[in-house]
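Shown next, in structure tokens, is the structure this report addresses.
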Amino acid sequence: MSRVHELPITAIQFYATAPYPCSYIPKQIARSQVATPTHSIGADVYSNLVNAGFRRSGSYTYRPYCDHCKACIATRIPVASFAPNRSQRRAWQKHAGLQTQVLSLAFTDEHYQLYQQYQSTRHHSSLMEHDNQEQYTQFLLQSRVNSRMVEFRDGPHDPHPGRLRMVSMIDVLEQGISSVYTFYDSTQVSSSYGTYSVLWQIDQVQQLGLPYLYLGYYIAQSPKMSYKIKFQPLEGLINDQWQRLLRLLREVTPLTLRMPSQALPRN
6 MSRVHELPIT AIQFYATAPY PCSYIPKQIA RSQVATPTHS IGADVYSNLV
56 NAGFRRSGSY TYRPYCDHCK ACIATRIPVA SFAPNRSQRR AWQKHAGLQT
106 QVLSLAFTDE HYQLYQQYQS TRHHSSLMEH DNQEQYTQFL LQSRVNSRMV
156 EFRDGPHDPH PGRLRMVSMI DVLEQGISSV YTFYDSTQVS SSYGTYSVLW
206 QIDQVQQLGL PYLYLGYYIA QSPKMSYKIK FQPLEGLIND QWQRLLRLLR
256 EVTPLTLRMP SQALPRN
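Position one of the sequence shown corresponds to residue 6 (my numbering), numbered consecutively onward.
Right under this line is the structure:
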């Protein structure tokens, strides 16, 4: 199900936020549609909401609800059809020695320090660069669904065994995994950690025997978000239907696309 009014949920309501400056496209004004109450959004409801184009930030489940811009396109990878390109195969081989551990959500100074380093180098001058511990916790460690954090550390044969290189936050859904956020050691130029994280998540979905990895929003005008088109095939939620995105982008621009089910559901 890709339309909100088709979701089998009766206790969930939706509200539109006040306008706020867009984080991805300069001089754009954004709004979000938020599902509430948060305590009623369990694993099954959340899985359906993600399939309808919603994302999670902390305990909030939302999707874009902008008045004059439709640039954000929800995306997912059908993992059974995924075909890595040459650079992705290199990244997979390069980081094959990283050791992973899947953990419950919890605060550690080591994670927070890596997060701060990542924000200061990758998102310099953004509001997130100055996130304190409380903001970090609210953003990544508060969840009412099946969320996990994945540590990636140097292996025993690396120069720095056990050094934390990357942390990925994921949500496990009924139909796959939703990639929530990843931060990594950004002091290494061309590390390809971010690419490896996506490839690792694709591999996990395949091992679970589930169909999809949800990657969040593709935004052609934002280099921070447009990288997702490199993972093929990539599907986008357009006009309430999941469709192969690369083919459609050759035909239309994102600003002409209609977001799914923009009307707020009635109570």
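Note that CB positions come from ideal geometry on N, CA and C, so glycine has one too.
Do the CB positions of glutamine 193 and alanine 85 come within less than 9 angstroms of each other? no
Assign glutamine 124 to one of two classes, buried (16 or more other C-beta atoms within 10 Å of its C-beta) or exposed (fewer than that). buried
Tell me, please, which residues DSSP counts as bridged to leucine 218. Ile82, Ile182
With 16 as the cutoff for other CB atoms within 10 Å, does lysine 32 come out buried or exposed? exposed
Grab me the residues of glutamine 110's own chain with a C-beta within less than 7 angstroms of its C-beta, minus the 5 sequence neighbours each way, in chain order. Note that residue 110 is leucine in the sequence shown, not glutamine. Correct list, in chain order: Leu146, Ser148, Ser152, Met154.
For glycine 102, collect the residues of the same chain with a Cβ closer than 7 angstroms to its Cβ; drop the 5 residues on either side in sequence, then sort them by chain order. Gly160, His162, Asp163
Taking 8 angstroms as the cut-off, does the region 217 to 224 touch the region 70 to 79 (at least 3 CB pairs, one atom from each stretch)? yes
Quick check: phenylalanine 157 and tyrosine 198, are their CB atoms within less than 9 angstroms of each other? Here phenylalanine 157 is near tyrosine 198, since their CB atoms are less than 9 angstroms apart.
Start-to-end residues for the beta strand (DSSP E) that takes in arginine 68: 65 to 69
In the DSSP assignment, find the alpha helix (DSSP H) that holds glycine 199 and state where it starts and stops. 198 to 213
Tell me the rounded alpha-carbon separation between tyrosine 117 and serine 62. 17 angstroms
Over what stretch of residues does the beta strand (DSSP E) that includes alanine 40 continue unbroken? 37 to 41
Terminal residues of the alpha helix (DSSP H) in which leucine 54 lies: Looking at the DSSP string, the run of the alpha helix (DSSP H) that includes leucine 54 is 48 to 56.
Kindly indicate which residue of Ser227, Ser202, Lys229 has the alpha-carbon position closest to the one of methionine 174. Ser202
Contact under 9 angstroms by Cβ, leucine 204 with alanine 96: yes
Pull up the distance between the alpha-carbon of proline 24 and that of cysteine 71, whole angstroms please. Straight-line Cα distance between these residues: approximately 8 angstroms.
Assuming contact is defined by CB atoms lying nearer than 9 angstroms, are proline 69 and proline 238 in contact in what I supplied? no
For a test of the three-state rule: what should DSSP assign to aspartate 163, helix, strand or coil? coil
Could you tell me which of Ser45, Phe188, Leu213 sits nearest to isoleucine 17, measuring between CA atoms? Ser45
Near tyrosine 120, what residues of its chain come up, given a Cβ to Cβ distance below 7 angstroms and the 5 sequence neighbours on each side ignored? Tyr141, Phe188
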